[in-house]
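From first to last, the protein sequence lines stand for chains A and B.
If you read the first sequence in my numbering, its first letter stands for residue 9, the second for the next number, and so on.
If you read the second sequence in my numbering, its first letter stands for residue 5, the second for the next number, and so on.
Even for Gly, the Cβ is constructed at its ideal location relative to N, Cα and C.
Keep in mind that this is a model prediction, so the values were computed, not measured.
Remarks on the structure that follows.
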Amino acid sequence: LAPAEATSIVQGTLDMLILKTLSLQPLHGFGIGQRIEQISRGVFRVNAGSLFPALARLERAGVITGEWRATENNRRAKYYSLTSSGRARFRAEARDWRRQVSAVARILNAPL
Amino acid sequence: MGRLRKLVWEIRAFFRRDHMRAEADEELRAYLDTSVHEQVRAGLTPEEAHRVARAEMGSIEAIKEAMGDAAWGTTLESLVRDVRYALRALRRSPGFTAVALLSLALGIGATTAILSVINAVLLPRLPYARPVELIDVYNLNLQVASDREEFVSIARWRDWQQRSHSLVDLAAFTDPTAFNLSATGEAVRVRGAAVSANMLGVLGLRPSLGRGFLAEETSLGRNHVVMLSNRLWSTSFHGRREILGQAIQLDRERYTVVGILPPDFQLGTLRSNVDLLLPLALTGPDASRRDRASVDLIGRLKPGVSAEAARADLTSISEQLATLFPETDQGWGVTVVPLRADLEPIILSRLEIFLGLAALLLLVACVNVAVLMIARAESRRQQLRIRAALGASRGQLLRYRVSEALVISCGGGALGVLVSRLGVHALIAGSPPRLFDVTAAPVDGRILCAVLGLSALVTVLLGGLSGLAPTGELTVAVHGVAPRQRWQTVLVGAEIALSLALVAAAGLLAKSLHAISTFDIGFDLNHLAYARVTLDPAMYPSDADRIAFVERLTGDLEGQPLLRVAAGSAAPFGSEWVGNLVQVPGRASHSDAHGLPYCFSAFVLPSFFRTLGNPIVEGRDFHATEAEPVVIINQTFARQLLPGEDPIGRSLMFLPNNNVAYNGAASGLRRIIGVVRDVDENRLSYNRPTSCAAFFPYAQNPVVSIDIFVRSSNEAAAISAVRSEVARLDPAEPLYNVHSERELVDRSLRTWQFQSWFAGLAAAIALLLSAIGVYGTVSHAVRQRTREIGIRMALGGLPPTIIRAMMKEPVWATLGGACLGLFGAWALSQQLASLLFQATAFDPGVFVASAFVLITVGLLAGFLPARRATTLDPLAVLKSE
């Protein structure tokens, strides 16, 4: 199913990716991992061991909030959604990220 | 906002920990299920799918831990973890925990209880609303360089009241005067003061019944209204409400009762309570005279204004008044004193000293806990080293110690609150009978808070931080011999030293109590009672009338069997004295009256000294009739005014006194015929030097108030004989102020008993705590060095050698502590000097005895566990390791 050469996520960007997935719609833990994998076309795989502590940390920081709901297979799961401060934080982090990426790209593309 | 929400979340998370764990569990299981479901959809068999999903997920428990850390890895959580750890560790050594908790509880409880009772006994609560805002205001005579506080004239008071910016209001009252109240059959002597209409308002009080005075009741003609004290109302009027609006007779004038004062009412800090209040007359000739100073003032500061600011305000008004009324107001300033500060200096110094003693006791308790904690830390050294070797940081180790100290000080504090409550009851119930009047004292909240805070601070600082030995090498820790405990020796020494200071202080006070109990006070107080009668000047206008009444009364009583009778205007330890300024003829006269010596004056029948057993030491007693003006002086008078001279035959000039109760005839030139032995009532009551006293023949100066003394083995019967005799001679005259001299003197002795009782109690507890401290450290050291002892014994070490080895530190601590303690005791005794009767503060006997007690207790407490070490079986010891 997953490509064997899946890359581990760049340090510190997991939070941002979680926020991005949740900015589209509320999701449970497995859904978040799946969505990240799908959107990155299998480049990033998030294992439960880093996903859930990150969710707990974000919930404590008040940027996401959890709610128990039934899944499509009629199981109870905790669905996370962004709070308003989460949305603001996501925008700020995304902006920073884009700036950094373009800066790194410029450096890499610079003629020597 | 964010921070607040985070805090709320943390607190919620903290209290819902189990719930949150269960939630995490369910969430992870849901994840696993979904994962399995997806694998099956991708084509794996359920078993394979399950295996793959589990493998991908890793340890669920580890994830839960990580989630927990992410969510609760907070200060709150780690604090709780430390406390839990400390609790678990303490539960494992119940002996240490019990001793530490109990000694801290004892220290905290005893300190708080002693201070609470002393506070209640020495500092009667001022029964006013917000007493800190209340001030006394006095006139200050600027021309005489003295800080004597003087009366204020009514006009001047009104000016201050109207012009001040710093005061809410300023009320005035006169000194209480005595009245004969005849409302209900028999006459009663009562004390009443006149007050301005705003008095109750300034004090923040309401009448418990009826109303206060109205403004218009301060004008002459309308002022025949009265408020009764609650006590007088319930004793003389049986608490009947109908008394409101009715008239009572005071000195033959009619006054209408308008209100009843609240219970415990008192006027200013006057310890002598008043029975009734009258309105202060603001009209009439005297009220407008600026040179007629007659009132004392009580003001209420505006919120936030200091007494100092009020003084500046009133001083500037006084300066304006001085320019407006130079005749009368020039040269007068103002003093402002917070109402509390009016306490007698002896009470304040007593309070300070007891605060100091209590602080010492508390310190002993805290040091004791610290000593025990260090002993315990030593025995856990290996455990801590293993922890350090396994990667615990120094900070974490420190945190364990501090949280353990915190847990102990909180637990000890909680127990201490309990002990202090019990202690207050025990102190009041267990103290010698009639040591003080207080029957119940609340545990003072401020004292308790201060004591708890201080003990927690000291315990944590000493117990948590001291003896934090370097973690050292693990190998040494496992095999080694326990290192010497220098810190512990120092602290035990400090504990011994502090206790020695306390014991010495208690010893000095006890010695002083003994001295005062066996002190010859100058007269025979056994079976001596007296009561006062005050003749109405309207009924006994002339000297001859009064002399006739007193002589008939004493003559009739003298005829009764077994009764010895005397009369005089001043009873030792009882009545208020009047006084005169004295001039010694032939001496350079002083320019102003303020510099003249002052003596107390009494007017006595010739039988006075004989009946009281107060011996004439020089010259002669009064004869039945004296041809010329004569006087008998006391020894202090002779010593101070006529040093080195033979006083007999000398003449003294007594200046007139304007007191109403005193008709001024004592003034003039009088010849000294005798010197009477001092009655040291000042010394007994206030630890002050004896005052000069002069005694005049009653026949030469028949004052209206006279005390009738009777000596009889049945004091009560004798007094009732006096009462019926007075009633027979004049039913309108009440007999009042009935006292037994023995009781009065015992009451004066009470403060002495009281202070040595409390100091003794504090010293005993300190002694007990020190013994616990020494015992605890030595028995810990024995347990610690069991292996060493076993080896020594196996190699042939004899018990004395082992005891010597075990006793080395306690001996050093005890001897060093005792030396240090002697310095401490000396320093403390200097502070104590004002409370000591005739005892010099430096008393080698007491010091040496205290040091002996402490050394004995310290060595014994060390010897008992050390001796136990020698009873160990070496083989068993070595095997056990």
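What are the boundary residues of the beta strand (DSSP E) that residue i is part of?
i	result
Glu75 of chain A	Ile72 to Ala78
Gln253 of chain B	Ala251 to Leu254
Ile677 of chain B	Gly672 to Val680
Leu232 of chain B	Val229 to Leu232
Ile158 of chain B	Premise fails: Ile158 of chain B lies in the alpha helix (DSSP H), Ile158 to Arg167, not in any beta strand (DSSP E).
Tyr142 of chain B	Leu138 to Asn145
Glu622 of chain B	Ile620 to Gly623
Ala535 of chain B	Leu532 to Thr538
Taking a contact to mean a Cβ-Cβ separation below 9 Å, would you say residue i touches residue j in this structure?
i	j	result
Leu771 of chain B	Ala822 of chain B	no
Asn184 of chain B	Arg235 of chain B	no
Gly862 of chain B	Met810 of chain B	no
Val299 of chain B	Val261 of chain B	no
Asp279 of chain B	Arg195 of chain B	yes
Val341 of chain B	Leu318 of chain B	no
Ser223 of chain B	Thr287 of chain B	yes
Gly303 of chain B	Leu171 of chain B	yes
Leu765 of chain B	Leu431 of chain B	yes
Ile321 of chain B	Trp164 of chain B	yes
Leu281 of chain B	Phe241 of chain B	no
Met61 of chain B	Gly57 of chain A	yes
Leu59 of chain A	Ile47 of chain A	no
Thr781 of chain B	Pro814 of chain B	yes
Arg568 of chain B	Ile712 of chain B	no
Gln492 of chain B	Val375 of chain B	yes
Gly360 of chain B	Leu832 of chain B	yes
Glu630 of chain B	Ala703 of chain B	yes
Ala62 of chain A	Leu22 of chain A	yes
Leu876 of chain B	Gly794 of chain B	yes
Ile451 of chain B	Leu739 of chain B	no
Leu25 of chain A	Tyr88 of chain A	no
Ile500 of chain B	Val749 of chain B	no
Ile520 of chain B	Phe269 of chain B	no
List the DSSP bridge partners of residue i.
i	result
Asn584 of chain B	B:Cys603
His429 of chain B	His429 of chain B pairs with nothing; no bridge assigned.
Ala176 of chain B	B:Leu301
Thr181 of chain B	B:Gly196
Ala698 of chain B	B:Ser605 and B:Ile637
Glu257 of chain B	B:Leu254
Ala171 of chain B	One detail in the question is off: residue 171 of chain B reads as Leu in this sequence, not Ala. Beta-bridge pairing links Leu171 of chain B to B:Leu305.
Met657 of chain B	B:Gln587 and B:Leu673
Please report the residue range of the alpha helix (DSSP H) in which residue i lies.
i	result
Phe98 of chain A	Ser92 to Asn117
Gly205 of chain B	Met203 to Leu207
Met61 of chain B	Pro50 to Met61
Gly216 of chain B	Note, Gly216 of chain B: premise wrong, no alpha helix (DSSP H); not H, not E.
Pro869 of chain B	Pro848 to Thr874
Tyr690 of chain B	Glu685 to Tyr690
Thr493 of chain B	Arg490 to Ser521
Leu616 of chain B	Phe612 to Leu616
| message | Short of 7 Å Cβ to Cβ, which residues in the segment 40-59 of chain A face chain B? | response | Asn55, Ala56 and Gly57
| field | Ordered list of alpha helix (DSSP H) runs contained in the segment 278-330 of chain B, each at least 4 residues | value | 289-292 and 311-328
| Residues within the segment 34-53 of chain B neighbouring chain A, beta-carbon criterion of under 7 Å | Ala34, Tyr35, Asp37, Thr38, Ser39, His41 and Ala46
| What residues in the segment 22-38 of chain A have a beta carbon less than 8 Å from any beta carbon of chain B? | His36, Gly37 and Phe38
| said: Please give me, in chain order, every unbroken run of the beta strand (DSSP E) with length at least 3 that falls completely inside the segment 729-761 of chain B. | reply: 739-744
| Using a Cβ cut-off of 9 Å, which residues of the segment 73-85 of chain A contact any Cβ in chain C, in chain order? | Of the protein chains in the structure, A and B, none is chain C.
| Residues of the segment 787-809 of chain B with Cβ closer than 7 Å to any Cβ of chain A, in chain order | none
| At what residue ranges does the segment 24-64 of chain A contain a whole run of the alpha helix (DSSP H), taking only runs of 4 or more? | 37-47
| message | Threshold first: 3 residues or longer. Then list the beta strand (DSSP E) segments lying entirely within the segment 551-582 of chain B, N to C. | response | 568-572
| What are the start and end residues of each continuous beta strand (DSSP E) run of 3 or more residues lying completely inside the segment 779-828 of chain B, in chain order? | none
| message | List, from N- to C-terminal side, the alpha helix (DSSP H) runs of 4 residues or more that fit wholly inside the segment 79-124 of chain B. | response | 79-96
| said: Output needed in chain order: residues of the segment 77-108 of chain B with a Cβ under 7 Å from some Cβ in chain A. | reply: none
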